[in-house]
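*Asks:* I am attaching a structure below and will ask some questions about it afterwards.
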């Protein structure tokens with residue numbers, strides 16, 4: 015047989031069309047080899063309708079299969095395929111490769127055919143899934159609980175040895191156990207769930223937390239049910255049982271006492287009613303939370319002072335950020351409407367003790383005092399504000415600008431109410447200089463608040479009479495002057511078109527020559543006394559152009575606006591009489 019290379023060589027030399035055929039068949043041959051590899055899917059196995067990835071899958075006959083998964087192979091019975099694959103997924107922590115919905119469907123179908131082991135492995139996949147939250151798991155359990163048959167099978171799942179062999183963290187089992195127990199407490203009591211005892215401490219902790227959450231929710235009715243479940247699960251722990259039973263009873267009694275406003279009963283129930291005795295952490299924590307949750311509803315039934323005392327005792331016992339924040343917030347709500355809380359000696363002593371050793375409590379106490387003082391000053395309750403101010407001075411040094419601000423406020427209020435002696439005492443104790451606004455206020459006060467009303471009336475009458483008399487003298491003077499002008503034969507000035515009045519300035523001497531020259535000028539211009547200013551100016555400019563054609567009239571007009579004494583006008587008129595220069599006017 016000839017070699018393929020010889021054939022190709024001969025073909026090259028003799029047949030060109032064979033060369034083209036080989037060039038075409040080469041790429042096709044490569045595609046035939048590569049495509050099957052490229053498009054071969056990873057092996058999968060169907061588990062209750064969901065395809066899960068495996069390395070290999072081969073039927074060996076006789077009801078068995080060979081499965082390779084996560085690097086290992088094993089022959090298993092066909093009816094064990096689902097549980098085996100799910101177990102390997104759990105062992106290799108491969109839950110992320112399956113969706114939560116797929117896992118839930120697998121569990122439902124496994125329960126339907128009573129495949130407990132597969133359902134248990136599916137449950138563990140849910141518990142280990144990174145996207146699985148307790149809320150989604152509880153929803154799924156509730157959905158199963160709606161089906162009695164599926165619910166019964168699920169109980170077998172969570173109590174099976176299979177799940178015990180695979181679970182490494184009891185905290186994952188506790189939520190499942192909790193939901194099942196709530197659905198059927200008698201089943202818990204009957205079965206005992208012995209298989210869960212190796213996770214007893216972790217389950218105990220979870221149930222205790224759920225129990226406390228239930229107690230803190232007044233709308234929940236599951237407290238007694240959980241207590242019954244815990245008796246079944248942890249009945250051997252008498253100490254825990256007694257503690258939780260007592261806690262359950264105390265919570266109910268505390269709620270009733272708070273709702274009824276029975277402060278004595280409240281303090282008798284609270285475990286920290288004795289300041290010298292430390293309380294149980296769990297009990298004090300739960301009862302404190304009850305008080306915090308009920309605090310908003312207590313204002314109508316319990317005095318605010320008593321609320322503060324309760325909160326302060328809680329804070330003394332449990333100095334946590336939460337108790338501190340709630341107490342500080344309650345102190346910040348003290349104002350002039352509930353100022354009586356500061357008259358309670360127990361509350362005042364408590365606030366002073368806290369303020370002495372804590373700067374934040376000191377600021378809150380000072381702010382509460384100031385709010386009360388400002389509000390009560392506005393309401394004119396000065397006696398109460400004096401007492402509060404004394405308390406303020408006890409925790410804040412006297413030489414303080416804010417203290418002086420309150421003293422000045424008191425001074426104003428005392429002055430307005432006629433208590434001048436008290437006002438002077440307050441004002442004399444002000445340490446800093448008064449601001450200009452306060453000085454103005456006190457000056458106005460002396461003039462207004464201290465002046466009798468009859469003095470105001472007399473002052474107004476006198477000012478009115480003075481104004482009338484001054485106006486009378488002015489008119490008398492003007493009338494005398496105008497009368498003199500009329501006697502001299504000239505008019506009382508002229509009125510311009512702009513409404514401005516012009517009069518000739520009166521000379522103390524030589525008035526007759528001026529008037530003569532005035533008439534003479536008017537005659538030259540062709541006017542008689544009484545001509546308007548515009549007419550005189552127009553004639554003046556016309557005459558000036560006739561006499562002095564080269565004169566800049568604009569400049570002359572500007573100079574005419576200046577105030578020129580009549581004496582200078584008289585001299586100018588004498589000098590320019592032949593040229594017909596008119597009299598200059600002065601605006602009055």
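In our numbering, the protein residues as written are 15 to 602. Beta carbons are placed, not taken as given, at the ideal position from N, Cα and C, and that holds for glycine. Bear in mind that the values here come from a model prediction, so they are computed numbers and not experimental data.
Can you determine whether any heavy atom of the ligand FMN sits closer than 7 Å to the C-beta of residue 87, and answer yes or no?
*Replies:* Within the structure as shown, the ligand FMN is missing, as the structure has no ligands at all.
*Asks:* Return the bridge partner residues of residue 339 from the DSSP annotation.
*Replies:* Answer is none; residue 339 lacks a bridge partner.
*Asks:* Helix, strand or coil for residue 127, going by three-state DSSP, please let me know.
*Replies:* Of the three classes helix, strand and coil, the one that applies to residue 127 here is coil, per DSSP.
*Asks:* Mind checking whether residue 135 and residue 90 have CB atoms under 8 Å apart?
*Replies:* Cβ atoms of residue 135 and residue 90: not closer than 8 Å.
*Asks:* With DSSP as the reference, please indicate the residues paired to residue 83 in a beta bridge.
*Replies:* Its beta-bridge partners are 86.
*Asks:* Can you list, in chain order, the residues of its chain with a C-beta nearer than 8 Å to that of residue 241? Leave out the 5 residues immediately preceding and following it.
*Replies:* Result list for residue 241: 225, 258, 259 and 262, in chain order.
*Asks:* Take residue 133 as the anchor and find which of 98, 111 and 494 has the nearest alpha-carbon.
*Replies:* Out of 98, 111 and 494, 98 has the C-alpha closest to the C-alpha of residue 133.
*Asks:* What did DSSP end up calling residue 323 once you bin it into helix, strand or coil?
*Replies:* Correct three-state label for residue 323: helix.
*Asks:* By DSSP, does residue 75 sit in helix, in strand, or in coil?
*Replies:* If DSSP states are grouped into helix, strand and coil, residue 75 belongs with the strands.
*Asks:* Closer than 8 Å by C-beta to residue 493: which residues in its own chain qualify, once you throw out the five before and the five after it? Chain order, please.
*Replies:* Excluding sequence neighbours, residue 493 sits near nothing in its chain.
*Asks:* Under a three-way DSSP split, which group does residue 58 fall into?
*Replies:* Reduced to three states, the DSSP call for residue 58 is strand.
*Asks:* Work out the CA separation of residue 323 and residue 275 for me, nearest whole Å.
*Replies:* Between residue 275 and residue 323, the C-alpha separation is close to 14 Å.
*Asks:* Between which two residues does the alpha helix (DSSP H) containing residue 365 stretch?
*Replies:* That run of the alpha helix (DSSP H) goes 359 to 371.
*Asks:* For residue 115, does the three-state DSSP call read helix, strand or coil?
*Replies:* Correct three-state label for residue 115: helix.
*Asks:* Any idea if residue 479 is buried or exposed, counting beta-carbon neighbours within 10 angstroms, 16 or more meaning buried?
*Replies:* The residue in question, residue 479, is exposed, as its Cβ has fewer than 16 Cβ neighbours within 10 Å.
*Asks:* Consult DSSP for residue 132 and reduce its assignment to one of helix, strand or coil.
*Replies:* Looking at residue 132 - three-state DSSP - the assignment turns out to be helix.
*Asks:* Going straight from the alpha carbon of residue 356 to that of residue 481, what length do you get?
*Replies:* Taking the straight line from one Cα to the other gives about 60 Å.
*Asks:* Tell me the DSSP secondary structure of residue 350 in three-state form.
*Replies:* If DSSP states are grouped into helix, strand and coil, residue 350 belongs with coil.
*Asks:* Use the C-beta contact count for residue 364: other C-beta atoms within 10 angstroms, 16 or more gives buried, fewer gives exposed.
*Replies:* Buried, since its Cβ has 16 or more Cβ neighbours within 10 Å.
*Asks:* Measuring CB to CB, does residue 268 end up less than 8 Å from residue 304?
*Replies:* It is a contact, given that the beta carbons lie within the stated cut-off.
*Asks:* Would you tell me roughly how many angstroms separate the C-alpha atoms of residue 486 and residue 466, rounded to the nearest one?
*Replies:* The alpha-carbon atoms of residue 486 and residue 466 are separated by roughly 31 Å.
*Asks:* Would the beta-carbon of residue 409 fall within 8 Å of that of residue 354?
*Replies:* No, Cβ-Cβ distance for residue 409 and residue 354 is not below 8 Å.
*Asks:* Just checking my contact of residue 124 with residue 62 at CB under 8 Å: how many whole Å lie between their CB atoms?
*Replies:* The Cβ separation is near 6 Å, so the contact holds.
*Asks:* Going by beta-carbon coordinates alone, are residue 59 and residue 68 separated by less than 8 Å?
*Replies:* The answer is yes: Cβ separation under 8 Å.
*Asks:* Where does the unbroken beta strand (DSSP E) through residue 66 begin, and where does it stop?
*Replies:* Counting along the chain, the beta strand (DSSP E) containing residue 66 begins and ends at 64 to 67.
*Asks:* Assign residue 476 to buried or exposed, taking buried as 16 or more other Cβ atoms, counted over all protein chains shown, within 10 Å of its Cβ.
*Replies:* It is exposed - the Cβ of residue 476 has fewer than 16 other Cβ atoms within 10 Å.
*Asks:* Per DSSP, what kind of secondary structure is residue 91 in: helix, strand or coil?
*Replies:* Looking at residue 91 - three-state DSSP - the assignment turns out to be strand.
*Asks:* Round the Cβ separation of residue 284 and residue 327 to the nearest angstrom and send it over; I've been treating them as touching at under 8 Å.
*Replies:* So it is a contact: roughly 7 Å between Cβ atoms.
*Asks:* My output table needs one value for residue 513: the three-state DSSP class, helix, strand or coil.
*Replies:* Low confidence applies here, because residue 513 scores a pLDDT of 33, under 50, leaving its location unreliable and the question unanswered by this model.
*Asks:* Does residue 265 pass the burial test, meaning 16 or more other C-beta atoms within 10 Å, or should it be called exposed?
*Replies:* Buried, by the Cβ-count rule.
*Asks:* Return the CA-CA distance between residue 95 and residue 335, expressed in angstroms with no decimal places.
*Replies:* Computed Cα separation, rounded: 55 Å.
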